[in-house]
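Number of protein chains: 2
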Amino acid sequence: MVKRTSHHQADCLIARPLDAIGDWWSLLIVRDAFDGLRRFGEFQKSLGVAKNILSARLRNLVAHGILETVPAPDGSAHHEYVLTQKGRGLFYVLVALRQWGETYFSGPGEPYTFMVDTQSGRPIRRLEVHAEDGRLLSPGDTRLADFRNQENS
Amino acid sequence: MVKRTSHHQADCLIARPLDAIGDWWSLLIVRDAFDGLRRFGEFQKSLGVAKNILSARLRNLVAHGILETVPAPDGSAHHEYVLTQKGRGLFYVLVALRQWGETYFSGPGEPYTFMVDTQSGRPIRRLEVHAEDGRLLSPGDTRLADFRNQENS
DNA sequence: GCAAGTGGTTTCAAGTTGAAACCTATTGTG
DNA sequence: CACAATAGGTTTCAACTTGAAACCACTTGC
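Residue numbers (the numbering used here), protein chains in the order written: chain A, 1 to 153; chain B, 154 to 306.
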């Protein structure tokens, strides 16, 4: 081993994001950021993670442009961590992961949290994958193409 | 440190799935499984991962019911790894991650692979989150509710 | 002026990762 | 049939990461 292998150079665009968020804590930090948490201490309390680990993860998320630091609005010397547009783009990943978790990881009869539409209070719809013309697609209806293929079509 | 912390018991249904797939390799194995890979050697060649690591990850994915082993169809003594229904449920997570990667991790002008509808060869639509009545929702339009809240609404 | 709170960094033991070597069973090959 | 090659792993061990606790610096509250 030289170093934990990085997917930074990978061709596949599933692999590369894992450099940024492919560890045990980063996605949970992002989830908490969506829930409105902004301060180091808030994240630490919410996650129960060691401070050195949280510090490293926040730095990595900032380095990847997922969070950014802004001056604290209360005028204190500290700063806060807020999601960038790139970070907010992870919303769909979190929704997908949550729906998968709701389906397969909730114990029988066990209460759990799930995502609702604020306006109606009703659960949101399940994610669906659609073709350009609106047809509903399942995994078998899709394939991967590279840039060149797309230009030819 | 006692042990790498596990989210197995977490209330949050984003945290729990991370026990199953929250490492650097598991999601890439699942991605390859969607691409039709089934054999130990195929995964190893595709990912370039050390065999001991691949072995541990496959075992973990099988233990979590994401992959299952089936006898090799060629009658050989070995088996193959195929996605279960639970594993296929990760399709949306992979699509979400891929779309995020396409948007934010592709170098300028750099060719990359992306997902198309097999029938038309055209890119699939971006994922969207919808309310039960079909309204398009953004992150701020949603919140988390627990089971009890839902029953009251 | 001093204790408490916030936001970290440092230290170090224990756990994880990865490359390479090794093992075992099956499949070609002469 | 002997022999090498291939598939599918397990074992070993050093380097790296993780996490708990201690420590540090700066700001508040009293």
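Ideal Cβ placement from N, Cα and C applies to all residues, glycine included.
Query, Result
"Continuous beta strand (DSSP E) stretch holding V223 (chain B): start and end", "L220 to P224"
"Neighbourhood of R192 (chain B) by C-beta distance below 7 angstroms, restricted to the same chain and skipping five residues each side", "E233"
"Strand pairing of A298 (chain B), partner residues [DSSP]", "A:F114"
"Residues that DSSP places opposite Y234 (chain B) in a beta bridge", "B:T222"
"Assumed close pair A173 (chain B), H217 (chain B) - CB separation to whole angstroms, cut-off 8 angstroms", "4 angstroms"
"Beta-carbon proximity list for I53 (chain A), same chain, < 7 angstroms, skipping 5 on both sides", "W25"
"Distance CB(L13 (chain A))-CB(E255 (chain B)) smaller than 9 angstroms", "yes"
"Chain B residues whose Cβ lies nearer than 7 angstroms to that of A96 (chain A)", "Y245, V246 and A249"
"Short CB-CB distance (under 9 angstroms) between V282 (chain B) and chain A", "yes"
"Contact set between Y265 (chain B) and chain A, taken where Cβ atoms lie within less than 8 angstroms", "D11, L13, D146 and F147"
"Per DSSP, cross-strand counterpart(s) of P276 (chain B)", "B:V269"
"Residue interval of the alpha helix (DSSP H) (run including L243 (chain B))", "Note, L243 (chain B): premise wrong, no alpha helix (DSSP H); not H, not E."
"Buried or exposed by the 16-neighbour rule on C-beta atoms within 10 Å, applied to A72 (chain A)", "exposed"
"Short Cβ contact (9 angstroms threshold) for A145 (chain A) with T295 (chain B)", "no"
"Beta-carbon contacts of M154 (chain B) that lie in its chain and below 8 angstroms, excluding the five residues immediately before and after", "Confidence in M154 (chain B) is poor, its pLDDT being 38 and thus under 50, which makes the residue's placement too unreliable to answer from."
"Alpha-carbon spacing of R241 (chain B) relative to M115 (chain A), whole angstroms", "22 angstroms"
"Contact with chain B by Q44 (chain A), beta-carbon distance below 9 angstroms", "no"
"Proximity below 9 angstroms, CB of I124 (chain A) to CB of L67 (chain A)", "no"
"DSSP three-state assignment for L200 (chain B), whether helix, strand or coil", "helix"
"Beta-carbon neighbours of K86 (chain A), restricted to chain B and to distances below 7 angstroms", "Y257"
"For L13 (chain A), three-class secondary structure by DSSP", "coil"
"Where L136 (chain A) falls: helix, strand or coil (DSSP)", "strand"
"Bridge-paired residues (DSSP) for H160 (chain B)", "According to DSSP, H160 (chain B) bridges with nothing at all."
"Delimiting residues of the alpha helix (DSSP H) encompassing A33 (chain A)", "S26 to F34"
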